[in-house]
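Just so we're aligned: 16 in UniProt numbering is position 16 of the sequence shown, and the numbers increase by one with no gaps anywhere. Where is the CB? At the ideal position from N, CA and C, for every residue including glycine. Quick caveat: nothing in here was measured; it's all calculated off a predicted structure.
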Amino acid sequence: MSTFSDRTRSALIVIDVQRDVVANAYRRDETIGNISGLVKRARAAGAPVVWVQHSDEEMEKGSDAWQIVPELSPAADEPVIHKIYGDSFEATDLEDVLSAAGVGRLVVSGAESDACIRSTVHGAFTRGYDVTLVSDAHTTSDMTQWGAPPPEVAISHINLYWQFQGAPERTAAVTAAQDVDFRS
């Protein structure tokens, strides 16, 4: 149970699944396919779907590189959050959007696992949300040249440690896409 007693809904968050962000991502097509399935299931269950797009000096807002991948597309009534920091809550209206929708649990998918995904799951958890990380619906690119582990290790590590997070009145979970239940 999240710390929000009046927020019982779950929402799917799709973070930074943008052309340049996932161009060379580990298991790109499989991950996007899993996210697509989650989007369809969330919509069918009446769960909010919230999209997040990152921009910075290298990926300008509105550019082709910044666009959400062609395999996915927000519905006209689904919010799109524009961010400039790793944590999707920082300097955005994400909290307002989730509060207005009565959301207390986030189901998190997208990219980059070891950057914006990690920052957002931690940011959500410390803000009082229950957070389910979808184990096979987040990805990252090879950042070994900067000292990071290979993508498959980074993803595995985040999935491993997230399932053991704990805090009063909040839950952290790691679930495969096929097992996500948007009703809880």
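Beta-carbon contacts of residue i that lie in its chain and below 6 Å, excluding the five residues immediately before and after
{"i": "I155", "result": "S113"}
{"i": "Q165", "result": "A172"}
{"i": "F182", "result": "S10, A42, A45, A47"}
CB-CB length for residue i against residue j, believed under 8 Å
{"i": "N24", "j": "S141", "result": "5 Å"}
{"i": "R105", "j": "T132", "result": "7 Å"}
{"i": "M59", "j": "W66", "result": "5 Å"}
{"i": "S10", "j": "V103", "result": "7 Å"}
{"i": "E78", "j": "V49", "result": "5 Å"}
{"i": "S119", "j": "D87", "result": "4 Å"}
{"i": "residue 248", "j": "F89", "result": "Past the edges of the chain, shown from 1 to 184, lies residue 248, and the structure says nothing about it."}
Nearest candidate by alpha-carbon position, reference residue i, set the options
{"i": "L98", "options": "D20, Y85, I81, T139", "result": "I81"}
{"i": "S5", "options": "K61, D130, V153", "result": "D130"}
{"i": "I32", "options": "D181, W146, G110", "result": "G110"}
{"i": "A44", "options": "S55, A75, K61", "result": "A75"}
{"i": "D64", "options": "V21, R183, L94, A100", "result": "V21"}
{"i": "V134", "options": "W162, G147, E78", "result": "W162"}
{"i": "I15", "options": "E57, G46, V69, E30", "result": "V69"}
{"i": "L12", "options": "R118, A137, D29", "result": "A137"}
Run of the beta strand (DSSP E) containing residue i, from where it starts to where it stops
{"i": "V174", "result": "170-175"}
Where the alpha helix (DSSP H) containing residue i begins and where it ends
{"i": "V153", "result": "151-162"}
Cβ neighbours of residue i in the same chain (closer than 8 Å, five flanking residues each side left out)
{"i": "E169", "result": "M1, S2, T3, G128"}
{"i": "S36", "result": "E71, L72"}
{"i": "A91", "result": "K83, I84, Y85"}
Closer than 9 Å to chain C by CB, residue i
{"i": "V153", "result": "The structure shown has no chain C; it contains just one protein chain."}
Close-in-space but distant-in-sequence residues of the same chain around residue i (CB under 7 Å, 5 per side omitted)
{"i": "P150", "result": "D142, T144"}
{"i": "E152", "result": "Y26"}
{"i": "G46", "result": "none"}
{"i": "S55", "result": "K61, W66, H82, I84"}
beta-carbon residue i near the ligand GTP non-hydrogen atom, thresh 8 Å
{"i": "A101", "result": "Inclusion of the ligand GTP in the displayed structure is not the case, the ligand content being empty and no account of it being possible."}
- Please list the segments of the alpha helix (DSSP H) lying wholly inside the UniProt domain "Isochorismatase-like" (10-145), counting only runs of 4 or more residues, in order along the chain. Fully enclosed alpha helix (DSSP H) runs of 4 or longer: 28-45, 94-100, 118-126.
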